[in-house]
Amino acid sequence: MKKKLNNLFQNIQKKESNVFDNFILIVITISAILIGLETDRELAGKYNDLFHYADMVILGIFVFEIFFKLYAFSPKPLRYFSDSWNIFDFSIVAISILPYIIHSSVNVEAIIALRSLRLARVFRIFRFISILKPLQMLVGTLIRSLPSLGYVALLILILFYVYGSIGIFLFSETDPEHYSSLPMSILTLFQTITGEGWPDLLAIQIAKSNTLVASIFYVSFIVIGSMIILNLLIGVIVSELDNIKQIDAKGKAAIHEEGHIVILGWSSKIIYLVNELVESNSDKKRVVITILADKRKHEMQDYFKHHIPHHKGIHFIFRTGYSYEMRDLQMVNLQKASSIIIINDTDTSDTYIIKVLIVVVNLFESTEKLPIIAVPLRNIKNDSIAQLVSNNNVYSVLVEDVISRIIAQTCRQAGLSVVYDEILSFEGHEIYSKKFENLEGKKFGDIVNLFENASVIGIRKQKEVIINPPLQNYIIQKDDEIIAIAEKESTFVIDHTQLETINDLSMLHKNNLTPEPENVLIIGGNHLIYSIINELNSYISKGSKINIYIDKQNFKYESNNLLDSLKIKPSVTYIETSSREELEKIPFKDFHYIILLTYSDALSLDDADSYVIILWLYIRDILKNQNLKMPIVTEMLNNKNEELARPTELDDFVIIDKIDSRLLAQFSQNPYLKKIYEILFDAKGSEIYLKPAKDYLELNKEYSIYEVSNAVNQVSELFIGYKIHELNGISRLRRGIDINPSKSQKVKFGENDKVIVVAEVEYL
């Protein structure tokens, strides 16, 4: 109930509470009908008391509405008066209350004089304007037309004054009833211009004065006044309405939304970003996403209509302008936005992002009033600049750093890309943070398996995130929030009914503390290769090898001080990687993992992806002919090319567009996720691993997921899923992986099956 009220209050602030507005609309309609019935004296006399009490009830509802809205804007209720229509509503309700206040006054003369204010009830009907947005637009058009209408009114006044004066001189003696004075003459002309009774006036002048003069007077006045001036009046209003529509069509009209998501800029990956935002807000009735880009409005509309035909109640607003122009930024009402995402596709450096960020921050009175701002940055060094500009209020996605870490982790664990793909997406299972009552004082290990449909991975404090805290030593504090992977927030609940007694699981816990050397083969290359090598050095053991085969025409490897200090230095060989004959000379049998990188520094996005797909096809066929099987991790730039590759059970595809778009969407909606992912992607601390199930449990024996989780907990690790090798071919896209299975589910592990855990070390 509390959650529903909070949602209602938020919708009222955003002026999106359809149910609440519809209820008030019905009350206004009933009020209007009662006022109409009360004009019938017979009904008013017969049902006077009924009308009186009904009026009190309706007024009471209006008063309650005002106080309810004021409370909805707490802790700053005066924000209610920042909207002119709210002031309009408040004024009408306040005037309607006055007769009831005066009724209790002892001053009889004041009662008689002010009871006429009871007529203010009629003005309640005007509240239709404040509820119905089309009426608001019409009234707004009239208000905007006032400057032009003023000149038209002056022209009409001059016309009446001139013709009124002429009328006195011509007809004051023959028709003193209508032309005895200037005010009377103007009133007669007003009657004439409305088309009512002017033939009778003309007949009087024809009978008593000059027929030609009278005819010219009246006909010219009607032609000039009615057909020209009044049409000009209508034309001004219609023209203003057309101007408003044209401004909106050009994407230049200011918006008045509140709590909306703003995307500044345009990118080839914007559809992936927006799809994630649509999915994350699919449970909300109305969410507004505003996009400001240097594109024509109709082009953006057509693009979205083609790529996102079904957007689950999300309302899109497109505006044309530059993200670094303060005038254009003011169109999208950034001060009232819930989150801002800055993207760019034209500048490969971070300069553009930082430039836009500076302009955005300058629009706000202080950095404390900034909404959530999410930005992608290529160079990790530029993150400090972004934080300096925003006073540490920006959530940056360090694209190349994240991609390098994921590639380094994924190449050594087949299927890890599927796990990340599941968790990073709003569609499927994702990470939630939630506070629960009655857990204070309990050990973390005692609450891990209290959730039937959620996999607990850590604790969130006010300014700290702890992933995989000590199960027996960490005590839950009062304000701690539990971090878990769940399908929906509604399924992240405590459920005691499915818990079972821990059986003797005959846990094996093989102590493999000495990792074997691993040889990594990298084919292809771009600027990411340096950070990937750096990350690999954090994982692979001493004695391992890193061999690079690249085409010198597309990328030239250059050593640097950072790489020179690494424990495992790569060996570089230049070959023509597009040649199958050259590729077949590589000693694949000497390697454990293969990483395929695009030549993104030398080729266009599509060409780079096409090149790496052809390379992948060659490698797959060569391995098949040599009867070799090993994990292949392939970097891709564009998500749309994933289908061309048709990944198999052995291959992982790390798609840059997909990953950074999903992280941007995640940070913009749940900024606390940044700290969680920083920990999970870092070689230090706890990460996600796919470990052999046989290291924890007996094979070919059925266990409940609750028992599997407890087995994993015994070595201070957290269970989040499993991978069944036999399901690779059956469920190709899922790779036999099940993230966050329900605790009551049964599973049986085979020789090659894995458990997916959050652990501090890779080896038991």
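Heads up, the sequence shown is in our numbering, so the first residue is 1 and it goes up one at a time. Virtual Cβ for every residue (Gly too), placed ideally from N, Cα, C. All figures in this text were calculated on a predicted structure; none of them were measured in a lab.
**Asked** Whose CA, out of 760, 745, 298 and 198, lies closest to the CA of residue 702?
**Response** What you label residue 702 is simply residue 702 of the sequence shown in a count that begins at 1. With distances taken between Cα atoms, residue 702 lies closest to 745.
**Request:** Please classify residue 47: does DSSP put it in a helix, a strand, or coil?
**Result:** Taking the sequence shown and counting its residues from 1, one reaches residue 47 at position 47. Residue 47 falls in the coil class under three-state DSSP.
**For residue 688, the nearest candidate out of 679, 269 and 160 (CA to CA)** = Translated into positions along the sequence shown, residue 688 becomes position 688. Scanning 679, 269 and 160 for the CA closest to the CA of residue 688 turns up 679.
**Message:** Against chain E, does residue 632 count as a neighbour if the rule is that its beta carbon must be under 8 Å from one of theirs?
**Reply:** The structure shown contains no chain E; it is built from a single protein chain.
**From 725, 596, 761 and 373, residue whose alpha carbon lies closest to that of residue 752** = In the sequence shown, the residue the question calls residue 752 occupies position 752. Closest option to residue 752, judged by alpha-carbon separation, among 725, 596, 761 and 373: 725.
**residue 790 in three-state terms, based on DSSP** = In the structure as shown, the chain starts at 1 and stops at 764, and residue 790 therefore has no counterpart that could be examined.
**Request:** Use the C-beta contact count for residue 577: other C-beta atoms within 10 angstroms, 16 or more gives buried, fewer gives exposed.
**Result:** Position 577 of the sequence shown, counted from the start, is the residue given in the question as residue 577. Buried is the call here.
**Asked** Does the Cβ of residue 452 have 16 or more other Cβ atoms within 10 Å, making it buried, or fewer, making it exposed?
**Response** As a first step, residue 452 is located in the sequence shown; it is residue number 452 there, counting from the start. Here residue 452 is buried: its Cβ has 16 or more other Cβ atoms, across all protein chains shown, within 10 Å.
**Item:** Run of the alpha helix (DSSP H) containing residue 184, from where it starts to where it stops
**Value:** Position 184 of the sequence shown, counted from the start, is the residue given in the question as residue 184. That run of the alpha helix (DSSP H) goes 182-193.
**Item:** Among 757, 670 and 659, the one whose alpha carbon lies nearest that of residue 686
**Value:** On the sequence shown, position 686 is the one that residue 686 refers to. That would be 757, whose Cα lies nearest to the Cα of residue 686.
**Asked** Expressed to the nearest angstrom, what Euclidean distance is found between the alpha-carbon atoms of residue 748 and residue 255?
**Response** As a working note, residue 748 is residue 748 in the sequence shown. As a working note, residue 255 is residue 255 in the sequence shown. Straight-line measurement puts the Cα of residue 255 at about 57 Å from the Cα of residue 748.
**Prompt:** Tell me which same chain residues have a C-beta within less than 7 Å of the C-beta of residue 484, skipping the five on either side of it?
**Reply:** Within the sequence shown, the letter at position 484 stands for residue 484. Excluding sequence positions up to five before and after residue 484, its CB lies within less than 7 Å of the CB of 432, 451, 454, 455, 456, 457 and 492, all in the same chain and listed in chain order.
**Asked** What does a CB cutoff of less than 7 Å around residue 795 pick up in its chain, not counting 5 residues either side in sequence?
**Response** Shown here, the chain extends from 1 to 764; a query on residue 795 therefore has no answer.
**Message:** Here's the rule I'm using: 16 or more other beta-carbon atoms within 10 Å means buried, otherwise exposed. How should residue 681 be labelled?
**Reply:** On the sequence shown, residue 681 is found 681 positions in, with the first residue counted as 1. Classification for residue 681: buried.
**Asked** Can you list the alpha helix (DSSP H) stretches of 4 or more residues lying completely in the region 374-429, in chain order?
**Response** The DSSP assignment places complete alpha helix (DSSP H) segments of no fewer than 4 residues inside the region 374-429 at 382-390, 399-411 and 416-424, in order along the chain.
**Asked** Looking at the structure shown, is residue 711 part of a helix, part of a strand, or coil, going by DSSP?
**Response** Here residue 711 refers to the residue found at position 711 when the sequence shown is read from its first residue. When DSSP states are grouped into helix, strand and coil, residue 711 belongs to the helix group.
**Request:** With DSSP as the reference, please indicate the residues paired to residue 547 in a beta bridge.
**Result:** Here residue 547 refers to the residue found at position 547 of the sequence shown. Paired residue(s): 521 and 571.
**Request:** Count the other CB atoms, across all protein chains shown, that sit within 10 Å of the CB of residue 176; report buried if there are 16 or more and exposed otherwise.
**Result:** Here the question's residue 176 lines up with position 176 in the sequence shown. Residue 176 comes out exposed.
**Item:** residue 327, buried or exposed, once every other Cβ within 10 Å from all chains shown has been counted against 16
**Value:** Here residue 327 is taken as the residue at index 327 of the sequence shown, counted from 1. Around the beta carbon of residue 327, fewer than 16 other beta carbons sit within 10 angstroms, so the residue counts as exposed.
**Request:** Report all residues from its chain with a CB closer than 7 Å to the CB of residue 393; omit the five preceding and five following residues, and keep chain order.
**Result:** Residue numbering aside, residue 393 sits at position 393 when the sequence shown is read from its first letter. Close CB contacts of residue 393 within its chain, under the 7 Å cut and outside five residues either way in sequence, are with 367, 370 and 373 (chain order).
**Asked** First and last residue of the alpha helix (DSSP H) that includes residue 178?
**Response** In the sequence shown, the residue the question calls residue 178 occupies position 178. Residue 178 -> alpha helix (DSSP H) spans 176-179.
**Request:** Identify which residue in 568, 329 and 425 has its Cα closest to the Cα of residue 487.
**Result:** Indexing the sequence shown from 1 puts residue 487 at position 487. Residue 425 is the option with its Cα nearest to residue 487.
**Request:** Put residue 296 into one of helix, strand or coil per three-state DSSP.
**Result:** One-based indexing of the sequence shown puts residue 296 at position 296. Taken through DSSP and simplified to helix, strand or coil, residue 296 comes out as coil.
**Asked** What residues match up with residue 635 in a beta bridge as DSSP calls it?
**Response** Taking the sequence shown and counting its residues from 1, one reaches residue 635 at position 635. Beta-bridge pairing links residue 635 to 654.
**Prompt:** Distance, Cα to Cα, residue 40 vs residue 29?
**Reply:** What you label residue 40 is simply residue 40 of the sequence shown in a count that begins at 1. What you label residue 29 is simply residue 29 of the sequence shown in a count that begins at 1. So the alpha carbons of these two residues sit roughly 18 Å apart.
**Outcome for residue 56 when other beta-carbon atoms lying within 10 angstroms are tallied against a minimum of 16** = Along the sequence shown, one-based indexing puts residue 56 at 56. The residue in question, residue 56, is exposed, as its Cβ has fewer than 16 Cβ neighbours within 10 Å.
**Item:** 8 Å contact criterion, which residue 628 and residue 588 should meet: CB distance rounded
**Value:** Here residue 628 corresponds to residue number 628 of the sequence shown, with the count starting at 1. Here residue 588 corresponds to residue number 588 of the sequence shown, with the count starting at 1. The pair is a contact, with the Cβ atoms about 6 Å apart (cut-off 8 Å).
**Prompt:** For residue 50, does the count of other Cβ atoms within 10 angstroms reach 16, so buried, or fall short, so exposed?
**Reply:** Residue 50 sits at position 50 when you count from the first residue of the sequence shown. Note on residue 50: under 16 other CB atoms within 10 angstroms of its CB, so exposed under the neighbour-count rule.
**Message:** Is it buried or exposed, residue 404, if we count other Cβ atoms within 10 angstroms and call 16 or more buried?
**Reply:** Residue numbering aside, residue 404 sits at position 404 when the sequence shown is read from its first letter. Residue 404 is buried by the Cβ-count criterion.
**Item:** Cβ-based neighbour list, residue 498, same chain, cut-off 6 Å, excluding 5 preceding and 5 following
**Value:** Position 498 of the sequence shown, counted from the first residue, corresponds to residue 498. Here residue 498 scores only 47 on pLDDT, less than 50, and its place in the model is too uncertain to base an answer on.
**Asked** Would you call residue 89 buried or exposed, if buried means 16 or more other Cβ atoms sit within 10 Å of its Cβ?
**Response** Working through the sequence shown from its first residue, we reach residue 89 at position 89. Buried, by the Cβ-count rule.
**Prompt:** By how many angstroms is the C-alpha of residue 277 removed from the C-alpha of residue 304?
**Reply:** Translated into positions along the sequence shown, residue 304 becomes position 304. Translated into positions along the sequence shown, residue 277 becomes position 277. Rounded to whole angstroms, the gap between the alpha carbons of residue 304 and residue 277 is 14 Å.
**Cα-Cα separation, residue 579 to residue 617** = Reading the sequence shown from its first residue, position 579 is the one you call residue 579. Reading the sequence shown from its first residue, position 617 is the one you call residue 617. Cα to Cα, the separation comes out at about 12 Å.
**Prompt:** Just reading off the beta strand (DSSP E) that residue 718 is part of, what are its end residues?
**Reply:** Here the question's residue 718 lines up with position 718 in the sequence shown. Taken as a continuous stretch (DSSP letters only), the beta strand (DSSP E) holding residue 718 covers 718-723.
**residue 682, DSSP secondary structure in three states** = Counting from one through the sequence shown, the residue named residue 682 turns up at place 682. Secondary structure of residue 682 (DSSP, three-state): coil.
**Request:** Apply the 10 Å Cβ neighbour rule to residue 775 and answer buried if 16 or more other Cβ atoms are within range, or exposed otherwise.
**Result:** Look at the range of the chain in this structure, 1 to 764, and you will see that residue 775 is not part of it.
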